[in-house]
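Here the numbering used here is used: the first residue of the sequence shown is 571, the next is one more, and so on. Ideal Cβ positions, reconstructed from N, Cα and C, are used throughout, including at glycine.
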Amino acid sequence: MPTSALLPDSYAPRPRWRTLAVVTAIVLAGHLAVLGLAPVIVGAPSTPSVDKFITRTIIVAPPAVSEPPAPAPPPKVEAKPAPKPRPHPVARPRPVAPAPAPAPEVAAPTQPDSQDLVSQAPPETAPVPQESPPGDASSGTGQGTGTGEGDTGGNIPVSAPLRISGSVRLAFAATAQQGAQPMQGAFGDLVWQQDGTHYDASLSIKFLFMTFRSTRSTGVIGPTGIEPLRYSDKRRTEVASHFVRDQKTVIFSNNSPAVPLLAGAQDRLSVVLQLGALMAGDPGRYPPNSVIAVQTVGTSDAEIWAFTLSGEEQVAVQAGEFTARKLTRSPRKPFDDKIELWLAPELGYLPVRIRQTQPNGDFIDLQLREKVSM
């Protein structure tokens, strides 16, 4: 009897495909577990993978910041040492350029610089000697013929007699014109002091009790009369001329070139008093139309000034009426001023009137109102 006939129906053998299916599923699950493709495992690693990228990004950022080393190139600008050679070429030519420059600037001192109210005109030069012949008229003693012009800076002999006034104060009333505006209420003071050896002269112009112009001359009284040592002119600031007599030179505080000092030289204030002293010393020596030439020093130059004498005139001023001799310095150049002096014999040939007229018509006129002995 066959075996199958002996087994019951419930023990009948199952088909083999089911066993294969189960085995296959188990093997497949094992492979999936190994490969990490199971759903639970897939979700877990995703997070760490993101963390890794973020961390890398942070690490990468610093290198980007490290790129600033690019600024290191600025040190390359050390090529700037190139400027060093510049100062060398510039410094060398400078000393050469200034040297020639002063020469042309020095030639300019011929303009009318800050001149005082008594003697503001620019200088006269060569033509003056031609005026010396009129001095022949003063040949009362034969000394007024212009001898010694080269030594005295004019046509006044060193031996010409002089009579210098004693100390005195002259108060003036002033009238003036500047452009279209007349000036009123101004006055001037001329103070002359001397002790027989030294002198001090000053002229100040005041307006509304304020001094807006003053000049001063100081020096000694010597063989040629008034011999200045210093002359100053002050407006806002003061400029001065110094007479270095032992070196026969005049030097200026404004650095103008020094000039030779000639015997008998005066400044632009003392010349008025020296002219009076000459005429007081010998009035007959200076007839009408004669010329007195004197080296006159300003604040930046020294030139020969020539004054032509007129006859006697009657002059009425606040101090009274005087007979006076008029001396005129006429313009010789385009910018010269005209200077007119009236010297009164009864006052020792001190000025009773002083007038200065500029080329444009502006003028100032000082007229004596009081004389006070000191």
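(request) Can you say whether Asp765 is buried or exposed, counting buried as having 16 or more other CB atoms within 10 angstroms of its CB? (result) Looking at its Cβ environment, which holds fewer than 16 other Cβ atoms inside 10 Å, Asp765 is exposed.
(message) Just verifying my parser: in three-state terms, what is the DSSP assignment at Gln888?
(response) The answer is coil: DSSP assigns Gln888 none of H, G, I, E or B.
(message) Taking only three categories from DSSP, how would you classify Gly766?
(response) Gly766 falls in the coil class under three-state DSSP.
(message) Do Arg733 and Ala894 count as a contact pair if the criterion is CB distance below 8 Å?
(response) With contacts defined as CB atoms closer than 8 Å, Ala894 and Arg733 fail to qualify as a contacting pair.
(request) Return the Cβ separation of Gln836 and Thr866 in integer angstroms, given the expectation that the two are a contact with Cβ distance under 8 Å. (result) Confirmed, Cβ separation roughly 6 Å.
(request) Output the distance between the C-alpha atoms of Val864 and Pro752, rounded to the nearest integer angstrom. (result) Approximately 33 Å, taken between the alpha carbons.
(message) Since Ile775 and Ser840 should fall inside the 8 Å C-beta cutoff, what is the C-beta to C-beta distance between them, to a whole number of angstroms?
(response) Not quite, the Cβ-Cβ distance comes to about 17 Å (not below 8 Å), so this is no contact.
(message) Are the CB atoms of Ala889 and Val842 within a distance shorter than 8 Å?
(response) Contact check for Val842 against Ala889 fails: the beta carbons are separated by 8 Å or more.
(request) From the DSSP output, read off the bridge partner residues of Ser772. (result) In DSSP, Ser772 forms a bridge with Val761 and Arg786.
(request) Rank Lys941, Ile934, Ser900 and Leu832 by C-alpha distance to the C-alpha of Gln817 and give the top, closest one. (result) With distances taken between Cα atoms, Gln817 lies closest to Leu832.
(message) Can you list, in chain order, the residues of its chain with a C-beta nearer than 8 Å to that of Glu882? Leave out the 5 residues immediately preceding and following it.
(response) Thr893, Ala894 and Arg895, listed in sequence order.
(message) Can you tell me which residues form a DSSP beta bridge with Tyr801?
(response) By DSSP's assignment, Tyr801 forms a beta bridge with Ser787 and Ser811.
(request) Could you spell out where the alpha helix (DSSP H) holding Leu845 opens and where it closes? (result) Membership of Leu845 in the alpha helix (DSSP H) is indicated by the continuous run Ser840 to Gly851.
(message) Can you give me the C-alpha to C-alpha distance between Phe782 and Thr807, rounded to a whole angstrom?
(response) So the two alpha carbons sit approximately 11 Å from each other.
(request) Check the DSSP bridge columns for Leu911 and list the partner residues they point to. (result) Answer is Leu897 and Ile924.
(request) Work out the CA separation of Ala828 and Gln884 for me, nearest whole Å. (result) Whole-angstrom Cα-Cα distance: 42 Å.
(request) Assign Thr819 to one of two classes, buried (16 or more other C-beta atoms within 10 Å of its C-beta) or exposed (fewer than that). (result) For Thr819, the number of other beta carbons within 10 angstroms of its own is below 16, and it is reported as exposed.
(request) Put Leu778 into one of helix, strand or coil per three-state DSSP. (result) Note: Leu778 maps to coil in three-state DSSP.
(message) Any heavy atom of the ligand ZN closer than 7 Å to the beta-carbon of Gln844?
(response) For the ligand ZN, the structure offers nothing, since it holds no ligand at all.
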